[in-house]
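Notes follow once the structure below has been shown.
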Amino acid sequence: MSGYQEGIVVLLCINCVAAMGVSLLTGFTGIFTLGHAAYMALGAYTTAIMTVRYHVHWLPAIVAGGVVAVLVAWLIGIPTLRLTGDYYAIASIGLGEAIRLILENWQSFTRGARGFPGIGSYASRGVAVTFFTVLGILMFNLLSSRLGRELKASRDDRVAASLMGFNTPASRMKALLISAFYCGIAGALLGGYMNFIQPSMFDMMKSTELTAVVVFGGLGSMSGTLLGSAIVTLVMEVFRNISQYRMLIYGGLLVVIMVLRPEGLLGNREIWSFLSFLPGFGPKRRG
Amino acid sequence: MQFSTLFQQIINGLSLGSVYALIAVGYSLVYSILSFSNFAHGGFLVIGGYICYGLLSGFEVVTSTQQHIFTMPAFNIWIASLSALVGAGVVAILTERFAYKPIRERTSMTLYLLIASMGVSIVIENIFVIAVGGRFRALPPDSFQDIFAVLEKVLGYLGMNRVPGSSSQLFDLGGGVTVSMFDILSLIVAVFFLGGLQLFLTRTRWGLSIRAAAYDLRTAGLMGVNVAFLIGIVFFVAGMLAAIGGIFLSFRYTLYPQLGGITTKAFVAAVIGGLGSLPGAVVGSLILGLAEMLTAGFISSQMRDLVVFSMLVVMLLVKPAGFFGKQINDKI
Numbered sequence: 070m071s072g073y074q075e076g077i078v079v080l081l082c083i084n085c086v087a088a089m090g091v092s093l094l095t096g097f098t099g100i101f102t103l104g105h106a107a108y109m110a111l112g113a114y115t116t117a118i119m120t121v122r123y124h125v126h127w128l129p130a131i132v133a134g135g136v137v138a139v140l141v142a143w144l145i146g147i148p149t150l151r152l153t154g155d156y157y158a159i160a161s162i163g164l165g166e167a168i169r170l171i172l173e174n175w176q177s178f179t180r181g182a183r184g185f186p187g188i189g190s191y192a193s194r195g196v197a198v199t200f201f202t203v204l205g206i207l208m209f210n211l212l213s214s215r216l217g218r219e220l221k222a223s224r225d226d227r228v229a230a231s232l233m234g235f236n237t238p239a240s241r242m243k244a245l246l247i248s249a250f251y252c253g254i255a256g257a258l259l260g261g262y263m264n265f266i267q268p269s270m271f272d273m274m275k276s277t278e279l280t281a282v283v284v285f286g287g288l289g290s291m292s293g294t295l296l297g298s299a300i301v302t303l304v305m306e307v308f309r310n311i312s313q314y315r316m317l318i319y320g321g322l323l324v325v326i327m328v329l330r331p332e333g334l335l336g337n338r339e340i341w342s343f344l345s346f347l348p349g350f351g352p353k354r355r356g
Numbered sequence: 289m290q291f292s293t294l295f296q297q298i299i300n301g302l303s304l305g306s307v308y309a310l311i312a313v314g315y316s317l318v319y320s321i322l323s324f325s326n327f328a329h330g331g332f333l334v335i336g337g338y339i340c341y342g343l344l345s346g347f348e349v350v351t352s353t354q355q356h357i358f359t360m361p362a363f364n365i366w367i368a369s370l371s372a373l374v375g376a377g378v379v380a381i382l383t384e385r386f387a388y389k390p391i392r393e394r395t396s397m398t399l400y401l402l403i404a405s406m407g408v409s410i411v412i413e414n415i416f417v418i419a420v421g422g423r424f425r426a427l428p429p430d431s432f433q434d435i436f437a438v439l440e441k442v443l444g445y446l447g448m449n450r451v452p453g454s455s456s457q458l459f460d461l462g463g464g465v466t467v468s469m470f471d472i473l474s475l476i477v478a479v480f481f482l483g484g485l486q487l488f489l490t491r492t493r494w495g496l497s498i499r500a501a502a503y504d505l506r507t508a509g510l511m512g513v514n515v516a517f518l519i520g521i522v523f524f525v526a527g528m529l530a531a532i533g534g535i536f537l538s539f540r541y542t543l544y545p546q547l548g549g550i551t552t553k554a555f556v557a558a559v560i561g562g563l564g565s566l567p568g569a570v571v572g573s574l575i576l577g578l579a580e581m582l583t584a585g586f587i588s589s590q591m592r593d594l595v596v597f598s599m600l601v602v603m604l605l606v607k608p609a610g611f612f613g614k615q616i617n618d619k620i
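Note that the protein sequences, when read in sequence, are chains H and E. Just add 69 to wherever you are in the first sequence, counting from 1, and you've got this note's numbering. Just add 288 to wherever you are in the second sequence, counting from 1, and you've got this note's numbering.
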């Protein structure tokens, strides 16, 4: 495998981890976010500063990146999760931009807009694939667990879910924290792959891309999210030669997908529900 | 704290706020009808800016083989800005027709519209990056000469005199505080167009239908209002207002394909005032313009954006509906 192909695999894993986080929040909990790139930024900066300045080993540093994202998400979530619908999305834009601007203006700590160079390349193919596999297995198990069913119930009808005895505010908060953790880890891995991070890498464009990938794959379908994320990442790589037109195609694609197939690639079904004709994939108890 | 600095920054803030208001009102108008945040609004602004720039400075169209197709002569500001307004309005209508309408007809989820609008804004931005390049352009400095000459006479009657020897047409307000001709012009134009919009909405039949549709789009349709036509008008007006904002912003700063990013601030202003409320959008814009200029004057200009977004978050936490967002149903 050439270095270029290896890089694509790493990038693919990173994007999938981040997309899984956003999918849990947007697709399975029904909270639209347009600021999750900020959690990636937090993860990336935490890991970068810990490994470069304090010479911490990369593995605990990556986990710490995720934890910092969770802590910030918790602080943000307490007041903002009361907001519903468009208003949470708007608040998340504001918070995402605010976090990015803080990172950009805190010169002494983050080196500001010049970016943070010299990060060790710890995100090798093996590391990225391992993180993706472990987090993926955890995510799919989570979705079929009690919490996963609780999230889906509160997405479909919040009032009914709370009448059934679910503590919907608490489960919304859990979803936010877990999604922030996934994005924090993805950011930390991105830092280790690029060896350089910069606040402008985590702007509103990136946040939109995360949500757009989830919608493209299908809201409420985790395998659809992974498929969508893989397709978008690969398509962007293919178009790298005509970089001038890359963003134009990307923007046009967003519009065309929304017009032609707003429910996304897989709708709200998982990929194996299309395989129900095979033995062992038959209809199961739906959760 | 110097009193004259404070006063100067308040004037600058009002001038900037009036430009934000033009953009925010268009934003709010679309939100009040369709209840979604049109992120492509910034694109309309950029289109207006480029049309105005192109017609003011004149340009030559050549093919890739350097073959000359035709030359556009340079026009005066009236023709250029009028074409910019109409052009941006038409693009806004086309955007609605081809990108939003099919989605609206299929689903009621505004998230899809939101993402489509982001797609449109990326497309518009990158069309300009490809077609004219990403470099910064300044409108010809004497673009507003004709208008300024008239304004200067009027202001002379009011007893305001030009600062002697100043090339950028500054007027003395006493105590070392000056106001530029451009600030006065943007304030006048904002008042003119916003007042016109208010009259249009309250005194005409179309305005009545728009208010009815803002109240309840479905019922208005059932009552015989031609909803498709109405939405077209709303997008045209929104595009026009964005183009005016675009012309002023490209004169105040410079023109570049990412200029539309400034709509995020107009959007914040609309939220602070109350999404969907037109007076709210104006008040929110003025507050935002003042806050931004006072921060720049007394703290540091790097903190401007941070203050803007902190205001958004604080507002959403304290009063999510904004200053003028009364009831969910009572939008305009």
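Where a beta carbon is used, it is the ideal one built from N, C-alpha and C, also for glycine. Just so it is clear, the structure is predicted and the values come from calculations on it, not from any experiment.
Quick one: Cα of residue i to Cα of residue j, how far?
{"i": "S573(E)", "j": "T351(E)", "result": "43 Å"}
{"i": "V307(E)", "j": "G533(E)", "result": "5 Å"}
{"i": "V349(E)", "j": "Q355(E)", "result": "9 Å"}
{"i": "S292(E)", "j": "V465(E)", "result": "6 Å"}
{"i": "R506(E)", "j": "M397(E)", "result": "15 Å"}
{"i": "L578(E)", "j": "A609(E)", "result": "21 Å"}
{"i": "T116(H)", "j": "V318(E)", "result": "42 Å"}
{"i": "L344(H)", "j": "A133(H)", "result": "39 Å"}
{"i": "H322(E)", "j": "F358(E)", "result": "Residue identity differs from the one stated: residue 322(E) is Leu in this sequence, not His. Distance between the alpha carbons of L322(E) and F358(E): 41 Å."}
{"i": "G333(H)", "j": "S290(H)", "result": "9 Å"}
{"i": "Q486(E)", "j": "L510(E)", "result": "25 Å"}
{"i": "G76(H)", "j": "L295(H)", "result": "18 Å"}
{"i": "K619(E)", "j": "Y503(E)", "result": "Bear in mind that the predicted position of K619(E) carries a pLDDT of just 40, short of 50, making it unreliable; the figure below should be weighed with that in mind. In a straight line, the C-alpha of K619(E) is about 6 Å away from that of Y503(E)."}
{"i": "G253(H)", "j": "V198(H)", "result": "16 Å"}
{"i": "T542(E)", "j": "G314(E)", "result": "22 Å"}
{"i": "S325(E)", "j": "A437(E)", "result": "39 Å"}
Once DSSP output is grouped into helix, strand and coil, what is the label at residue i?
{"i": "H329(E)", "result": "helix"}
{"i": "R423(E)", "result": "coil"}
{"i": "E348(E)", "result": "strand"}
{"i": "T277(H)", "result": "helix"}
{"i": "F517(E)", "result": "helix"}
{"i": "D460(E)", "result": "strand"}
{"i": "L446(E)", "result": "coil"}
{"i": "I298(E)", "result": "helix"}
{"i": "V465(E)", "result": "coil"}
{"i": "M511(E)", "result": "coil"}
{"i": "M397(E)", "result": "coil"}
{"i": "T542(E)", "result": "coil"}
{"i": "T359(E)", "result": "strand"}
{"i": "Q176(H)", "result": "helix"}
{"i": "R506(E)", "result": "helix"}
{"i": "Y191(H)", "result": "coil"}
{"i": "S588(E)", "result": "coil"}
Under 7 Å between beta-carbons, which chain H residues line up against residue i? List them in chain order, please.
{"i": "A387(E)", "result": "V324, V328"}
{"i": "R394(E)", "result": "P331"}
Per DSSP, which residues does residue i bridge with? Please list them.
{"i": "I266(H)", "result": "F185(H)"}
{"i": "L93(H)", "result": "Answer is none; L93(H) lacks a bridge partner."}
{"i": "L475(E)", "result": "Its beta-bridge partners do not exist; DSSP assigns none."}
Counting only Cβ pairs nearer than 7 Å, list the residues of chain E close to residue i.
{"i": "F357(H)", "result": "Because chain H spans 70 through 356 in this model, residue 357(H) falls outside it and cannot be assessed."}
{"i": "A167(H)", "result": "L594, F597, S598, V601"}
What does residue i touch in chain E if you count any residue whose Cβ is under 8 Å from its own?
{"i": "L94(H)", "result": "Within chain E, no residue comes near L94(H); the closest Cβ sits about 13 Å away, beyond 8 Å."}
{"i": "N174(H)", "result": "Q590, M591, L594"}
Just the chain H side, please: which residues come within less than 8 Å of residue i by C-beta, in chain order?
{"i": "V411(E)", "result": "L317, G320, G321, V324"}
{"i": "V408(E)", "result": "G320, V324"}
{"i": "I575(E)", "result": "Result: empty, since nearest Cβ-Cβ is about 15 Å, beyond 8 Å."}
{"i": "P390(E)", "result": "V328"}
{"i": "S497(E)", "result": "Near S497(E) there are no residues of chain H at all, since even the closest Cβ is about 24 Å away, more than 8 Å."}
{"i": "P608(E)", "result": "L152, Y156"}
{"i": "A404(E)", "result": "L323, V324, M327, V328"}
{"i": "V559(E)", "result": "I159"}
Please list, in chain order, the chain H residues whose beta carbon lies closer than 9 Å to that of residue i.
{"i": "L605(E)", "result": "P148, T149, R151, L152, A160"}
Quick one: which chain E residues come within Cβ less than 9 Å of residue i?
{"i": "Y314(H)", "result": "N414, I418"}
Report yes if the C-beta of residue i is less than 8 Å from at least one heavy atom of the ligand COA; otherwise report no.
{"i": "W175(H)", "result": "Of the ligands one can find in the structure shown there are none, so the ligand COA has no counterpart to examine."}
Taking three-plus beta-carbon pairs below 8 Å as touching, is the segment 227 to 247 of chain H in contact with the segment 139 to 152 of chain H?
yes
Count the C-beta pairs between the segment 90 to 99 of chain H and the segment 162 to 181 of chain H that are closer than 8 Å, then say yes if the count reaches three, no if not.
no
Determine contact between the segment 118 to 135 of chain H and the segment 302 to 320 of chain H, defined as no fewer than three beta-carbon pairs at a distance below 8 Å.
no
Given 8 Å, three or more beta-carbon pairs between the segment 71 to 88 of chain H and the segment 255 to 265 of chain H:
yes
If contact is defined by three or more beta carbon pairs under 8 Å, each pair taking one atom from either stretch, is the segment 509 to 523 of chain E in contact with the segment 562 to 571 of chain E?
no
Pairing CB atoms from the segment 266 to 275 of chain H with CB atoms from the segment 103 to 113 of chain H, are three or more of them under 8 Å?
yes
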